[in-house]
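Here the structure comes first, spelled out in structure tokens, and everything after it is commentary.
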Amino acid sequence: MNFKSEYLARVYADVEKRNPGEPEFLQAVREVLESFEPVVAKNPKIEENGILERLVEPERFIQFRVPWVDDAGKVRVNRGYRVQFNSAIGPYKGGLRL
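So the sequence shown is numbered by the working numbering: it starts at 565 and just counts up by one.
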């Protein structure tokens with residue numbers, strides 16, 4: 565689906581540029597932006613204040629290493645991530661992703 569709003573199309577294009585190779589994230593962003601279309605059409609202040617740009621960019625991104633030993637006794641190292649988008653109503657919720 566193409567966005568009716570130039571603003572939404574521009575926000576989505578920026579997200580695509582900054583997150584290549586992340587189809588699940590891009591799909592989620594597209595679905596959320598599509599659901600916001602009627603709200604954005606009625607409220608020009610959303611664009612004026614850059615609200616959507618704030619929503620699609622994480623507030624904090626933490627990357628860490630996770631060393632572990634496999635069944636063969638070999639040490640492996642994976643990356644773990646914690647992406648936090650908004651702390652406006654208090655502490656972040658959710659688990660870690662490996």
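For every residue, glycine included, the Cβ atom is placed at its ideal position computed from N, Cα and C.
Proximity test, Ala577 beta-carbon vs the ligand PLP heavy atom, cut-off 8 Å: In the structure shown, the ligand PLP is absent, as is every other ligand, since no ligand is present at all.
Phe567: first and last residue of the uninterrupted beta strand (DSSP E) it sits in: For Phe567, there is no enclosing beta strand (DSSP E), as DSSP gives it neither H nor E.
Terminal residues of the alpha helix (DSSP H) in which Ile653 lies: Neither: Ile653 is in no alpha helix (DSSP H) and is coded neither H nor E.
Rounded separation between Gly614 and Val596 - CA only: 16 Å
Residue span of the beta strand (DSSP E) that contains Pro631, given as start and end: 624-633
Whether Arg624 touches Trp632 by CB criterion (9 Å): no
Paired residues, beta bridge with Val641 - DSSP: Pro631
Cβ pair Arg643, Val630 closer than 9 Å: yes
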